[in-house]
Amino acid sequence: MEGIDDALLMEILCRACSSPKFAFQCKLVCKRWESLISNPIFPSRWNELCNIYHPNRRKLFFLIFNLRIRPKQNKYMLNHVVSKPTNLLGRRKSFKLDFLPCSKQGLPASVRIAASCSNGLLLCHSIGHLMDSEPRVYYLCNPLTREWVALPPFPAKYPFMEGVAVGIVCDDKNWSSTYRVVRFHEGRYAYPFNGHRSAFIAEIFSSKTSEWEETEVWYPPLNNPSFCFLGYRSGAEYLSDNIFSCNGRLFMMNAMGIVVYNPFEPERFHIIKFPNEPHFRHIVYGESKGSFRLLANTSIGGHGCFKIWELTDYEKGEWRLINEIFFRDMDTDDVALKQAVWHDGGKGVQSLGLDPNDEHTVYFDLLIRDGFSGRNCVNHRQIFSCNLQTKKAELLHPTISQWSAEKELGRAYINVFHFASSEYWPTCSNEMPLPTSN
2 MEGIDDALLM EILCRACSSP KFAFQCKLVC KRWESLISNP IFPSRWNELC
52 NIYHPNRRKL FFLIFNLRIR PKQNKYMLNH VVSKPTNLLG RRKSFKLDFL
102 PCSKQGLPAS VRIAASCSNG LLLCHSIGHL MDSEPRVYYL CNPLTREWVA
152 LPPFPAKYPF MEGVAVGIVC DDKNWSSTYR VVRFHEGRYA YPFNGHRSAF
202 IAEIFSSKTS EWEETEVWYP PLNNPSFCFL GYRSGAEYLS DNIFSCNGRL
252 FMMNAMGIVV YNPFEPERFH IIKFPNEPHF RHIVYGESKG SFRLLANTSI
302 GGHGCFKIWE LTDYEKGEWR LINEIFFRDM DTDDVALKQA VWHDGGKGVQ
352 SLGLDPNDEH TVYFDLLIRD GFSGRNCVNH RQIFSCNLQT KKAELLHPTI
402 SQWSAEKELG RAYINVFHFA SSEYWPTCSN EMPLPTSN
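Below, the structure is given as structure tokens:
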């Protein structure tokens with residue numbers, strides 16, 4: 002193969018390697034092959050070919066819960082990872098973030114997940130009692146491969162966490178080699194201009210420039226003068242106020258609807274109104290088979306149920322109702338779950354998310370109060386899935402425990418992140434130099 006140039010040889014290797022494991026074995030053939038397969042272009046092209054020839058390959062899917070704990074008054078986030086018991090290809094069913102530089106020895110809950118995206122990447126930072134003293138650095142990582150890269154420190158002009166929502170979105174056309182991290186600031190940093198238009202502030206990091214930039218995003222005047230991006234808090238209607246990344250866009254909930262923002266077109270956003278449903282509770286959104294969907298608890302005639310809508314047109318904000326199931330119609334062999342869905346009408350059940358691989362699977366959780374230890378409330382949760390076709394409810398994880406100060410914790414969860422990683426090449430691709438994780 003000495004007469005073949007590097008570009009052609011790389012293309013041949015990409016098509017010949019049936020798996021990452023086989024590609025790593027091919028590195029042993031010669032130094033030239035090792036150099037080509039180690040090139041960041043190789044996994045990007047390999048992923049692209051897999052998407053062309055295997056468009057329906059399944060993804061590894063995890064639900065990640067940020068639980069608040071306060072040992073000795075220190076504020077830390079405990080990241081609890083849940084996946085299906087029969088995960089694909091024998092891959093690990095859980096992961097830890099102790100490989101990140103911001104992880105403090107002896108404090109496993111010292112890393113907070115700020116955002117996730119559908120390309121198998123997490124955005125994390127350190128968290129402690131005094132956040133202003135923490136390094137203003139985000140770490141982009143793939144927890145399955147334990148690879149990471151530190152982003153440049155973001156400016157100190159705005160607060161670190163207070164009133165800030167963070168999202169990460171990858172350019173799907175470039176297989177996560179191009180991404181942007183966005184920090185949105187709540188209402189006090191959104192201001193009117195002459196009564197005709199208004200703007201909000203966004204800090205955007207671009208992988209192409211490796212720099213943070215402050216951007217003013219303009220929008221027409223709204224009927225709600227207290228418009229902000231961090232969710233409708235009254236009544237704890239939303240399970241989480243993290244930002245969801247789907248199809249190259251960022252989605253955020255607001256009292257007015259769902260805010261859709263494309264950081265690759267940084268001066269434009271629009272609002273999609275919720276479906277016409279009068280009794281929304283516990284709204285979550287997610288991706289299933291490439292489509293953006295909304296899952297919400299509601300009631301019909303006083304009976305608890307859940308509904309699922311699919312967004313059919315981004316620009317027009319058109320929804321299609323694709324399913325509705327009464328909790329009392331669920332079939333389950335678990336006694337506690339049966340009590341909750343049959344007799345209590347699903348009052349203690351919260352929506353968690355949708356399965357990106359299976360459009361007929363959705364996830365819920367059931368809060369069970371175990372009592373109080375002093376002034377501290379001790380709860381545990383049962384995570385279960387429901388098949389929309391058979392209406393079969395199956396216990397996914399029965400023992401997520403939570404210890405918290407009742408007065409300091411208004412909602413059961415701080416955030417629920419959907420982490421999906423393709424069964425293609427497991428890499429943390431980016432255009433910045435990737436430090437070693439060892």
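The numbering used here numbers the first residue of the sequence shown as 2 and each following residue consecutively. The beta carbon of each residue, even a glycine, is placed where N, CA and C say it ideally should be.
task: Going by CA-CA distance only, name the one from Q26, F25, L141, L37 that's closest to I13.
output: Of Q26, F25, L141, L37, the residue nearest in Cα terms is L37.
task: Please decide whether C103 counts as near chain B, where near means a Cβ-Cβ distance under 8 Å.
output: Among the protein chains of the structure shown there is no chain B, as only one such chain exists.
query: Using a Cβ-Cβ cut-off of 7 Å (strictly less than) and excluding sequence neighbours within five positions of D335, which residues of its own chain qualify?
result: These residues qualify, in order along the chain: L396.
query: Do you know whose CA, among K158, V165, V417, L101, lies nearest L141's CA?
result: Its Cα nearest to that of L141, the residue L101 stands out among K158, V165, V417, L101.
- prompt: Going along the chain, which residues of its own chain have a beta-carbon closer than 6 Å to the beta-carbon of E214, five neighbours each way excluded?
  reply: Excluding sequence neighbours, E214 sits near I205.
query: Are the segment 352–362 and the segment 273–292 touching by the rule of at least three beta carbon pairs closer than 8 Å?
result: Enough Cβ pairs lie closer than 8 Å, so yes.
message: According to DSSP, is P436 part of a helix, a strand, or is it coil?
response: The pLDDT assigned to P436 is 36, lower than 50, so where the model puts this residue is not dependable; a value taken from the coordinates is nonetheless given after this. If DSSP states are grouped into helix, strand and coil, P436 belongs with coil.
field: Unbroken stretches of the beta strand (DSSP E), 3 residues or longer, contained in the segment 260–328
entry: Taking only runs of at least 3 residues, the beta strand (DSSP E) segments lying wholly in the segment 260–328 are 270–273, 282–289, 292–301, 304–314, 319–327.
task: Under 8 Å by Cβ, that's how I've got V182 and S246 pegged, so tell me the actual separation to the nearest angstrom.
output: Going by Cβ atoms, the distance from V182 to S246 rounds to 11 Å, so no, they are not a contact pair.
query: If you count every other CB in all the chains shown that lies within 10 Å of the CB of E148, and 16 or more means buried, which is it?
result: A residue is called buried once 16 or more other Cβ atoms fall within 10 Å of its Cβ, and E148 is buried on that count.
field: C-alpha gap between P318 and E325, whole angstroms
entry: Sequence inspection shows Gly at residue 318; the Pro mentioned does not correspond to that position. In this structure, the CA atom of G318 is about 20 Å from the CA atom of E325.
field: DSSP-derived helix/strand/coil call for S235
entry: Because the pLDDT of S235 is 38, which lies under 50, any placement of that residue in the model is unreliable, and the number read from its coordinates should be weighed accordingly. S235 falls in the helix class under three-state DSSP.
- prompt: From what residue to what residue does the beta strand (DSSP E) around N40 run?
  reply: Taken as a continuous stretch (DSSP letters only), N40 belongs to no beta strand (DSSP E), as it is neither H nor E.
message: Using CA atoms only, rank isn't needed, just tell me which of C15, F25, V30, C31 is closest to E49.
response: Between E49 and the set C15, F25, V30, C31, the nearest pair of CA atoms involves C15.
task: Would you mind stating whether H304 and F327 have Cβ atoms separated by less than 8 Å?
output: Taking 8 Å as the cut-off, the Cβ atoms of H304 and F327 count as close.
message: In the DSSP assignment, the alpha helix (DSSP H) including I13 goes from what residue to what residue?
response: Following the DSSP letters along the chain, one finds I13 inside the alpha helix (DSSP H) bounded by residues 7–17.
message: I'd like the list of long-range same chain contacts for P144, defined as Cβ closer than 7 Å, with 5 residues on each side in sequence excluded.
response: Here the set comprises F96, L98, L123.
- prompt: Residues in its own chain within less than 6 Å of F275 by CB, not counting five upstream and five downstream?
  reply: Answer for F275: G258, listed in chain order.
I53 (DSSP reduced to helix, strand or coil): When DSSP states are grouped into helix, strand and coil, I53 belongs to the helix group.
Span of the beta strand (DSSP E) around V138: Segment: none, V138 is in no beta strand (DSSP E) and carries neither H nor E.
V167 to P136 span [Cα, whole Å]: Here the alpha carbon of V167 sits roughly 16 Å from the alpha carbon of P136.
message: Within 10 Å of its beta-carbon, does H55 have 16 or more other beta-carbons around it, so buried, or fewer, so exposed?
response: That one is exposed.
Neighbour-count burial assignment, F25, 16 or more Cβ in a 10 Å radius: By the 10 Å Cβ count, F25 comes out exposed.
Residue interval of the alpha helix (DSSP H) (run including V336): Annotation: the continuous alpha helix (DSSP H) that includes V336 extends over 336–339.
query: What are the partner residues of F23, as DSSP defines its beta bridges?
result: In DSSP, F23 forms no bridge with anything.
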